[in-house]
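Undergrad: Numbering-wise (our numbering), the sequence shown opens with residue 2 and increments by one.
From the three backbone atoms N, C-alpha and C, an ideal C-beta is built for every residue, glycine too.
Note that the coordinates shown come from a computational prediction; the quantities given were computed from them, not determined experimentally.
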Amino acid sequence: MSNYFQPEIETASVEDLKAIQSEKLVKQVKHVYENVKYYRDMMDEKGVTPDDIKSVDDLHKLPFLTKADLRDAYPYGLLGTNLKDCVRIQSTSGTTGRRVVAFYTQNDINLWEDCCARAIVAAGGTDGDVCQVAYGYGLFTGGAGLNGGSHKVGCLTLPMSSGNTERQIQFMQDLHSTIICCTPSYAAYIGETLKEMGLTPDDIDLKAGIFGAEPWTEEMRRDIEKSLGIKAYDIYGLTETSGPGVAFECEEQSGMHINEDHFLAEIIDPETGEVLPEGSKGELVFTSLDKEAFPLLRYRTRDICVLSRKKCSCGRTFIKMTKPMGRSDDMLIIRGVNVFPSQIETVLIKEGYTSNYLIEVDRERNTDTLDVYVELTPEQFSDTVKEISAREKTLANAMKIMLGINPKVHLVAPKTITRSEGKAVRVIDKRKLHD
Ligand code: ADP
Ligand code: ZN
């Protein structure tokens, strides 16, 4: 078995890739201009015609598409084919507002599943594996995407969906699952449950996990790897681009390769829209090259990351993206300081806590307040009250150093923070309620 799902593409030279991309881009732009009024109007407004786009170097001439456009065009406004040619609908999780629906032709589904298959193979998956898919099934793209990818690789697929954690572990043991796919917060919960059931990683056969759909830190990766006895790989995607599998981690575990034969990536300055050079941190923008039913030109994801074409030891030539540290709209501005929930998570895990935490932001007498609720493990909970308040102080100090502002830390009893089976909700911003 090869280390790649499609070696001829995954390891193509950068020149060859660029040629493939350019050819597809020219076609895609024609396709949307002719078939989607929304795009035609946007391009006309910007004074661009399909003839202006001759290669990927002309990409910057095209207008951006934003989430607001998708909501505007809901539901059919961006359809690139007849509805009759569509075979599937999926929808965003609605984490940051009204849901967006995406349409797929059978060809779109095939390409999406290929992307997920590449991710599974990059995580060491083969047709000899048992792949337990514990992402939610349904409108959410996680379950459907990895399910399809697992079939393509030829793994024995366990379509568990999320939830019912003890049963997950029971099946994992009985059917000898070797790969698990779910959100990282759910993986952490499965690890915690395994321990509570009196089991250790030696009692299961898992070797790899493919985790995505939400931000997670390196610290959390190490925790999950230890609790389940696996290697944990990141996977990235969004409903608008089809779903998970737009980018995936290889054995190097140092950033995700973007499936560049299907998606053109750019990094822009989120304030000015200026395209930034490789290596700069900014907002990730995608142009789909093959999608038929729901084509995207320069879609602004609001995810903040860095791209790099540094040579990867796995042999893949696809450009790599760093873990998005969160969306531009996840960023909290507290007393004028930018705070990402992932920074708080990093401190917590470094200081020996779990990823069970909740951030609450509010405003009192015109000043922003930041409260961080952190769950204690049963061992930590047996400390005296004095010890616990000393811990709170230490933790608040460590956060102050990382964030530049003083949070109020509350250490709370085990099992008091709701566990996540899908995307974790870690921030409650009560300021919005007062506005
Ligand atoms: P919603 O936007 O409602 O959450 P999606 O389910 O389509 O809908 O989620 C896509 C978003 O999830 C991405 O834009 C990104 O913010 C986040 N995401 C997906 N995979 C990852 C990942 N591996 N790391 C960090 N964030 C991720
Ligand atoms: Zn690699």
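Helix, strand or coil: how does DSSP classify Glu-24 here?
TA: DSSP places Glu-24 within a helical segment (H, G or I) once states are collapsed to three.
Undergrad: For Pro-266, count the other beta carbons within 10 Å of its own beta carbon; 16 or more makes it buried, fewer makes it exposed. Which is it?
TA: This sequence places Ala at residue 266; Pro is not what is there. The residue in question, Ala-266, is buried, as its Cβ has 16 or more Cβ neighbours within 10 Å.
Undergrad: If you measure from the CB of Ser-314, is any heavy atom of the ligand ZN nearer than 8 Å?
TA: yes
Undergrad: Suppose only complete runs of 3+ residues qualify. What are the beta strand (DSSP E) ranges in the stretch 286-354, listed by chain order?
TA: 300-309, 333-335 and 338-340
Undergrad: Over the uninterrupted beta strand (DSSP E) stretch that includes Ser-92, give me the two end residues.
TA: 87-92
Undergrad: Nearer than 8 Å: is that true of the beta carbon of Glu-261 relative to any heavy atom of the ligand NAD?
TA: The ligand NAD is not among the ligands present in this structure, which contains only the ligand ADP and the ligand ZN.
Undergrad: Just to check my reading of the structure: Gly-146 and Gly-244 have Cβ atoms closer than 8 Å, yes? What is that Cβ distance to the nearest angstrom?
TA: 4 Å
Undergrad: Would you kindly check if the distance between the Cβ of Leu-159 and the Cβ of Cys-132 is under 9 Å?
TA: Yes, Cβ-Cβ distance for Cys-132 and Leu-159 is below 9 Å.
Undergrad: Let's test the definition: count the other Cβ atoms within 10 Å of the Cβ of Gln-29 and tell me whether it reaches 16, buried, or not, exposed.
TA: With 16 or more other Cβ atoms within 10 Å, it is buried.
Undergrad: So, is Gly-210 buried or exposed, given that buried needs 16 or more other C-beta atoms within 10 angstroms?
TA: Under a 10 Å Cβ-count criterion, Gly-210 is classified as buried, with 16 or more other Cβ atoms of the shown protein chains found around its own Cβ.
Undergrad: Closer than 8 Å to a non-hydrogen atom of the ligand ADP - does that hold for the CB of Ile-236?
TA: yes
Undergrad: Just mark Glu-46 as buried or exposed, buried being the case when its beta carbon has 16 or more other beta carbons within 10 Å.
TA: Exposed: under 16 other Cβ atoms inside 10 Å.
Undergrad: In terms of residues, what are the limits of the beta strand (DSSP E) holding Gly-48?
TA: Gly-48: not part of any beta strand (DSSP E); DSSP gives it neither H nor E.
Undergrad: Just verifying my parser: in three-state terms, what is the DSSP assignment at Gly-210?
TA: strand
Undergrad: Return the bridge partner residues of Ile-181 from the DSSP annotation.
TA: Ile-181 is bridged by DSSP to Gln-133 and Gly-210.
Undergrad: By DSSP, does Thr-370 sit in helix, in strand, or in coil?
TA: strand
Undergrad: Work out the CA separation of Gly-155 and Val-362 for me, nearest whole Å.
TA: Within the model, the alpha-carbon separation for Val-362 versus Gly-155 is close to 47 Å.
Undergrad: Could you spell out where the beta strand (DSSP E) holding Thr-106 opens and where it closes?
TA: 102-106
Undergrad: Tell me, please, whether the stretch 247-256 touches the stretch 114-126 by the rule of three or more beta-carbon pairs shorter than 8 Å.
TA: yes
Undergrad: Helix, strand or coil for Leu-112? Go by DSSP, reduced to three states.
TA: In the three-state DSSP reduction, Leu-112 falls in the helix class (H, G or I).
Undergrad: Would you be able to state if there are at least three C-beta pairs under 8 Å between the stretch 197-205 and the stretch 425-434?
TA: no
Undergrad: Buried or exposed for Val-386, going by 16 or more other Cβ atoms inside 10 Å?
TA: By the neighbour-count definition (other C-beta atoms within 10 Å, threshold 16), Val-386 is an exposed residue.
Undergrad: With Leu-412 as the anchor, note down where its beta strand (DSSP E) starts and where it stops.
TA: Where Leu-412 is concerned, the enclosing beta strand (DSSP E) starts and stops at 409-413.
Undergrad: Closer than 6 Å by C-beta to Tyr-234: which residues in its own chain qualify, once you throw out the five before and the five after it? Chain order, please.
TA: Ala-124, Ile-211 and Glu-250
Undergrad: The ligand ZN heavy atoms versus the CB of Cys-251: any closer than 8 Å?
TA: yes
Undergrad: Measure the alpha-carbon distance for Val-15 versus Leu-285 and round it to whole angstroms.
TA: If I take the Cα positions, the gap works out to 20 Å.
Undergrad: Who are Glu-376's beta bridge partners in DSSP?
TA: Paired residue(s): Val-413.
Undergrad: Comparing alpha-carbon positions, which option in Gln-169, Asp-70, Glu-193 and Tyr-105 lies nearest Pro-379?
TA: If you compare the alpha carbons of Gln-169, Asp-70, Glu-193 and Tyr-105 with that of Pro-379, the shortest gap goes to Glu-193.
Undergrad: For Thr-158, report the span of its beta strand (DSSP E) as first-last.
TA: Element bounds for Thr-158: 157-159.
Undergrad: What residues match up with His-245 in a beta bridge as DSSP calls it?
TA: Position check: residue 245 holds Pro in this sequence, whereas His was assumed. Pro-245 has Gly-238 as its beta-bridge partners, per DSSP.
Undergrad: Whole angstroms is fine: what's the gap from Thr-347's alpha carbon to Ala-399's?
TA: Spanning the alpha carbons of Thr-347 and Ala-399 requires a straight line of approximately 10 Å.
Undergrad: Any contact between the stretch 272-280 and the stretch 72-82? By contact I mean 3 or more CB pairs, one from each, below 8 Å.
TA: no
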